[in-house]
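Undergrad: Got a structure for you, written out below as structure tokens; questions coming shortly.
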Amino acid sequence: MQDFLRYWGKAKPNKESSGAPCHLLAYHSLDVAAVAFCLTAPGSSRGQAIANALGVELSQFQSVFTFLLAVHDLGKFSQSFQALARPELELLRVPDATFSYDVPGGHAALGMLLWKRGATFKESKSDVCGWPEQGPLSRYARRSLEAMLETSFGHHGQPVTLGNRSVEEDFLPFDENAAFEFSKEVARLIQPKWPVALMEDQSWISLLKKSSWQLAGLAVLADWLGSDQSVFSYVTEPMSLQEYWREFALPRARQQVERLGFDKPKLATAFPGVRQFFGFEPTPLQSWAEQVEISESAQLFILEDVTGAGKTEAAITIAHRLLGQGLAEGVYFGLPTMATSNAMYSRIAGYYLRWFREDESPSLILAHGAQRLHNAFQSTVFSDQPKDLNYRAEERSASAVCNQWFADSRKRALLADVGVGTVDQTLMGVLPFRHQSLRVVGMAKKVLIVDEIHACDDYMLTLLCALLELHAQQGGYAVLLTATLPVSMRKKLTGSWMRGLGIEGVQFPYHDDFPLATTANSKGLNETKLATRDSVVRGLAVEHVSDQSKVVDVLLAAAKRGQCACWIRNTVDDAIDAYEWLRARVDDPDLVLLFHSRFTMADRQRIENQALDWFGKSSGVADRAGRILIGTQVLEQSLDICMDVMVSDLAPIDLLIQRAGRLHRHCRDAEGNPLADKESPDLRPAPVLRVLAPSFTNEPDKNWIRSFLPGTAAVYRNHGQLWLTLWALLEERAIRMPKQARWLIESVYGPDAEDRIPYALKDSFFEDEGERQSQAAMGQFNRLDLEAGYVAASARSGWQGEVDIGTRLTDEPSVVITLVRLDDDQRRLLPLESGSHPWEMSQIKIRQSLADKLPEFPETLEHLRTELFDRQPGLRFSRLWLGPFDRGGYCYSESTGMHKPRVAGNDLR
């Protein structure tokens, strides 16, 4: 028996577990290699894309990548690792228990350590890797080989670091020889076809570094799929590597890859045209989308048009055309909030099946918990697989990590055929988080559609630009949607895309037209002015209100007239105050509805559905009459609602335009019933957007907004821009779309806007400008250096763990809170909500300072929390709030969400 068969690679977590006690290391290595072989087989777009980027044939790349994964666990040949378990199997070599397994990076780092510093490996690298030439590798060939091995040894989700550790601290000569013999035997079996001439060319290394992110992601995926015990059951019977490869590894790998849909892309249908697909006449933007020339290589589309112009359908048109032409294999919709994700998911659910042939079963996944979760991705395979022994607290087995990853539906969406979720999940692909490379692989060959891109702050914009650069670099397609985009932001976005294509320093003309469609590809930049349908040309009168009591009078009067009304506030606390104050003054308090971000997912969905029933496209006078909606910024983009009367707290101009889009959104008769003819004029009284703001003056003091709306002043710190917004609105006394769209935006955000800001508000303007520059700089600092390749040094701020923070730069991080309760026997923690996905439905995401005001989880129940995390691995990302929820510094109720107990006598200003 060969010595390398005397080592275990996977082990049962305890002796009581049934079946074989372990899986031999050589066999597990071949399992993962076989998955790598299948993932890069002919017909694999992922493998072909990387092969093309590296300038090699697919078969050549397949053989090299398979070898890389065959040696991914060389570090497990160490004495220190083998001492972690004692499977009861006679053939195993008994480890020396005096070796300490305390190396940062675990066995992944030990594998790279052995390869770089092992005496035997130093002398025999050409033998152990199947190098076709005799003698030592050249300097560049060695660097190329080690750059590729970095992606393999980094299969736990981040690059490895070696420090000053020596091989002798973990390996005996016997172990090193066993690893040496295994590598040689694997090289004979797989016969990697190394691109010798390319690897000895210094310039090729830069290409390799750019592709290393995809290589690393595929390595993680191969390791996870090859660690699934439900397919790769433990084998302990000694046999040759050739026999195991032929009889076990390859057949199981093919089964695994095929059943999860990774073997080949879903076959798409040809796009039949807007009229045939959607059933209505195309808008000018949609006509452009069905006719615009599509490049066979990476292409960016930016669609700027008014609300109601059909931007989503235009994006779907472009995506369907790309799918039908075989230029893309999937779609990911990135939205700014969970609420907008829910709304988009509902729309896409009605379309996505028709993008593919009838005999295909494409997967559609929402990137956060939701009741309506279509899960054709067969992800239960992962959550149901048996567990392996964890190596230590900070180094879990591949199956354990895989279970946790796929327990979080937000992450599954990036590997589904069609994913809908927040843009954050894609932005994490350019941040140094564990498993970011898997996100990169998930985005490859997908159409990335990002809606409401104007909602990005400068930190997010920096990350989005980095993401676009990466997506262009790997040959992707992206569609960006907005109704209010400053020209300066359009320049940044298109510039990033062109950099990804290797085109820099070219000056392009940028037009001020609106609506506008922009494309960017290797041929350059093209901007097309679009026409506008008469039905979406609108003018809203603007009325300035400087007394909150008058706002309440307006809302109550509208309700009494049988209309529906809305007040959008800038803070949750202000919204709750207005909600409770209004409920105390209407005849039926149940006619007042509150919507903000501090509700559990279940209550958010309930409120969303209620709002759509009352104020949605199909609502009639019986649904709408007398009802009042109080909400925060979530109403800007999240719900397709139509209000008769609207008031908004003062906000930056682009946000007010978004809010105004919910006023008279759909054509209705005089009573508020929807009109059958969508092109008919609205028969209600002319719409008026009322803006609550302090009195306007050309010479305000520095507390102009802070003394009137302190919450607004804290949220929107550039008080100069707030003043400019009010100035622009009062100049015209109306918002006319699309005629005034560009003028309004540039009046507040354009290069000359600063000159109009009053002296007393200059400080806030410059402070905000400094903060914006700081945000952009922080984004540059935090983002990965993609040019450096998949190495530890690519993260300037250091690699982070498995936590979902960092995509939005605020004063403080956000925390996911899971509301839990004890069962009747006080022996088990249960979610607050019931039904489908109860844990995700019981969560709220709030800022850290609010989370710190919640009661600590009782130490006496710590054992129940540990047991819960074992049952629900995805909850490790969250903090538990144990009920009851009607006492303490903050309370929770289904009508007001998370809130402070109301103080008697508290009133609106």
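Residue numbers are given in the UniProt record's numbering: position 825 of the sequence shown equals residue 825, and the series is strictly consecutive. Here a beta-carbon is modelled for each residue, glycine too, at the ideal position from N, C-alpha and C. From a predicted model like this one, the values you see are computed outputs, not experimental measurements.
1. Quick one: using the 10 Å Cβ neighbour count with 16 as the cut-off for buried, is V94 buried or exposed?
2. Below 8 Å CB to CB, which residues in the same chain sit around R372 once its five sequence neighbours on both sides are set aside?
3. Can you give the Cα-Cα distance for R252 and A34, rounded to whole angstroms?
4. Nearest to K900 by CA position, among V572, Y352 and K762, is which residue?
5. Between which residues of its own chain and D31 is the CB-CB distance below 6 Å, once the five residues before and five after are set aside?
6. In the DSSP output, what is H23 paired with across the bridge?
7. Taking the C-alpha atoms as reference points, what is the distance between V430 and L463?
8. Have a look at the DSSP bridge pairing and note the partners of Q843.
9. Comparing C-alpha positions only, which one of K739, K678, R684 and L854 sits nearest to I657?
10. Would you kindly check if the distance between the Cβ of L530 and the Cβ of A517 is under 7 Å?
11. Are Y790 and P104 touching if we call contact CB-CB under 7 Å?
12. Does DSSP classify F301 as helix, strand or coil?
13. Suppose contacts are defined by Cβ-Cβ distances below 7 Å. Is A753 in contact with P700 by that definition?
14. Classify E636 as helix, strand or coil using the three-state DSSP reduction.
15. V479 to E787, Cα distance in whole Å?
16. Do the region 861-875 and the region 819-835 meet, that is, are 3 or more Cβ pairs less than 8 Å apart?
17. From the DSSP output, in three-state form, read off M344 for me.
18. Which whole-angstrom value describes the C-beta separation of F99 and S80, a residue pair presumed to lie in contact below a C-beta threshold of 8 Å?
19. Just to confirm the assignment, what range does the alpha helix (DSSP H) spanning residue 915 have?
20. Return the CA-CA distance between G889 and P858, expressed in angstroms with no decimal places.
21. Whole angstroms is fine: what's the gap from T8's alpha carbon to A178's?
22. Note down, in chain order, each residue of its chain lying with its Cβ closer than 7 Å to the Cβ of Q255, except the 5 sequence neighbours on either side.
23. Return the first residue and the last residue of the beta strand (DSSP E) that R736 is part of.
24. Where A714 and R585 are concerned, what is the direct C-alpha to C-alpha distance, given to the nearest angstrom?
25. Who does K446 pair with in a DSSP beta bridge?
26. Given a cut-off of 7 Å, decide if P21 and K10 are closer than it, judged by their beta-carbon atoms.
27. In whole angstroms, give me the CA-to-CA distance for G897 and G883.
28. Between which two residues does the beta strand (DSSP E) containing M898 stretch?
29. How would you call R396, buried or exposed, if buried means at least 16 neighbouring beta carbons within 10 angstroms?
30. With 16 as the cutoff for other CB atoms within 10 Å, does L730 come out buried or exposed?
31. Measuring straight from C-alpha to C-alpha, what distance separates L162 and F508?
32. Would you report the Cα separation of T818 and K853, rounded to the nearest angstrom?
33. On the three-pair Cβ rule with 8 Å, is the region 327-335 touching the region 447-457?
34. Quick check: what's the CA-CA separation for K617 versus C642?
35. Mapping DSSP to helix, strand and coil, what is F277?
36. Can you give me the Cβ contacts of Q474 inside the same chain, cut-off strictly under 6 Å, excluding the 5 residues immediately before and after it?
TA: Answer, in terms of the structure:
1. As a position in the sequence shown, residue 94 is number 94, starting the count at 1. V94 should be labelled exposed.
2. Reading the sequence shown from its first residue, position 372 is the one you call residue 372. Low confidence applies to R372: its pLDDT is 37, below 50, so where it sits in the model is not reliable, and the reading given next is rough at best. Once the five neighbours on either side are set aside, the close Cβ partners of R372 are Y345, S346, A349 and L366.
3. For this step, residue 252 is matched to residue 252 along the sequence shown. For this step, residue 34 is matched to residue 34 along the sequence shown. Cα-Cα distance, rounded: 8 Å.
4. To locate residue 900, count along the sequence shown from 1; it is residue 900. Residue V572 is the option with its Cα nearest to K900.
5. Mapped onto the sequence shown, residue 31 falls at position 31. Taking C-beta separations shorter than 6 Å and ignoring five residues to either side along the sequence, the partners of D31 in its chain run G226, F232 and A249, following chain order.
6. Taking the sequence shown and counting its residues from 1, one reaches residue 23 at position 23. Note: H23 sits in a beta bridge opposite K10.
7. Counted from its first residue, the sequence shown places residue 430 at position 430. Counted from its first residue, the sequence shown places residue 463 at position 463. One C-alpha to the other measures close to 7 Å.
8. As a first step, residue 843 is located in the sequence shown; it is residue number 843 there, counting from the start. BP columns for Q843 point to T818.
9. Along the sequence shown, one-based indexing puts residue 657 at 657. The shortest C-alpha separation from I657 is found at K739.
10. As a working mapping, residue 517 is identified with position 517 in the sequence shown. As a working mapping, residue 530 is identified with position 530 in the sequence shown. Yes, Cβ-Cβ distance for A517 and L530 is below 7 Å.
11. On the sequence shown, residue 790 is found 790 positions in, with the first residue counted as 1. On the sequence shown, residue 104 is found 104 positions in, with the first residue counted as 1. P104 sits away from Y790, with the two beta carbons spaced by 7 Å or more.
12. Mapped onto the sequence shown, residue 301 falls at position 301. Three-state DSSP puts F301 in a strand.
13. Start at 1 with the first residue of the sequence shown, and residue 753 comes out as number 753. Start at 1 with the first residue of the sequence shown, and residue 700 comes out as number 700. Cβ atoms of A753 and P700: not closer than 7 Å.
14. For this step, residue 636 is matched to residue 636 along the sequence shown. E636 carries a helical assignment under DSSP once its states are collapsed to helix, strand and coil.
15. Taking the first residue of the sequence shown as 1, we reach residue 479 at position 479. Taking the first residue of the sequence shown as 1, we reach residue 787 at position 787. Approximately 24 Å, taken between the alpha carbons.
16. Counting Cβ pairs under 8 Å, three or more are found: they touch.
17. Within the sequence shown, numbered from 1, the residue matching residue 344 stands at position 344. Helix at M344.
18. Start at 1 with the first residue of the sequence shown, and residue 99 comes out as number 99. Start at 1 with the first residue of the sequence shown, and residue 80 comes out as number 80. Rounded, the Cβ-Cβ distance is 4 Å, consistent with contact.
19. Because residue 915 is not part of the residues shown, which for the chain are 1 to 909, the question remains open.
20. Taking the first residue of the sequence shown as 1, we reach residue 889 at position 889. Taking the first residue of the sequence shown as 1, we reach residue 858 at position 858. Taking the Cα positions, G889 is about 17 Å away from P858.
21. Mapped onto the sequence shown, residue 8 falls at position 8. Mapped onto the sequence shown, residue 178 falls at position 178. Contrary to the premise, residue 8 reads as Trp rather than Thr in this sequence. If you take the alpha carbons of W8 and A178, they lie about 13 Å apart.
22. Here the question's residue 255 lines up with position 255 in the sequence shown. Within the same chain, V231 come within 7 Å of Q255 by CB-CB distance, once the 5 residues on both sides are set aside.
23. Along the sequence shown, read from residue 1 onward, the residue named residue 736 stands at position 736. Here the beta strand (DSSP E) through R736 covers A734 to M737.
24. As a position in the sequence shown, residue 714 is number 714, starting the count at 1. As a position in the sequence shown, residue 585 is number 585, starting the count at 1. Cα atoms of A714 and R585: separation of roughly 29 Å, rounded to the nearest angstrom.
25. Taking the first residue of the sequence shown as position 1, residue 446 is located at position 446. DSSP lists G330 as partners of K446.
26. Mapped onto the sequence shown, residue 10 falls at position 10. Mapped onto the sequence shown, residue 21 falls at position 21. With contacts defined by Cβ atoms closer than 7 Å, K10 and P21 do not form a contacting pair.
27. Residue mapping note: residue 897 aligns to position 897 of the sequence shown, counting from 1. Residue mapping note: residue 883 aligns to position 883 of the sequence shown, counting from 1. Whole-angstrom Cα-Cα distance: 14 Å.
28. The residue you call residue 898 lines up with position 898 of the sequence shown. Start and end: G897 to H899.
29. Here the question's residue 396 lines up with position 396 in the sequence shown. No answer about R396 holds up, because its pLDDT of 42 lies below 50 and its placement is not dependable.
30. In the sequence shown, the residue the question calls residue 730 occupies position 730. With fewer than 16 other Cβ atoms within 10 Å, it is exposed.
31. Along the sequence shown, read from residue 1 onward, the residue named residue 162 stands at position 162. Along the sequence shown, read from residue 1 onward, the residue named residue 508 stands at position 508. Between L162 and F508, the C-alpha separation is close to 46 Å.
32. Mapped onto the sequence shown, residue 818 falls at position 818. Mapped onto the sequence shown, residue 853 falls at position 853. If you take the alpha carbons of T818 and K853, they lie about 15 Å apart.
33. The region 327-335, when compared against the region 447-457, does touch it at the 8 Å Cβ threshold.
34. In the sequence shown, the residue the question calls residue 617 occupies position 617. In the sequence shown, the residue the question calls residue 642 occupies position 642. Each residue's alpha carbon lies about 7 Å from the other.
35. Indexing the sequence shown from 1 puts residue 277 at position 277. The answer is helix: DSSP assigns F277 an H, G or I state.
36. Residue numbering aside, residue 474 sits at position 474 when the sequence shown is read from its first letter. Excluding residues within five positions, the ones whose Cβ falls inside 6 Å are A444.
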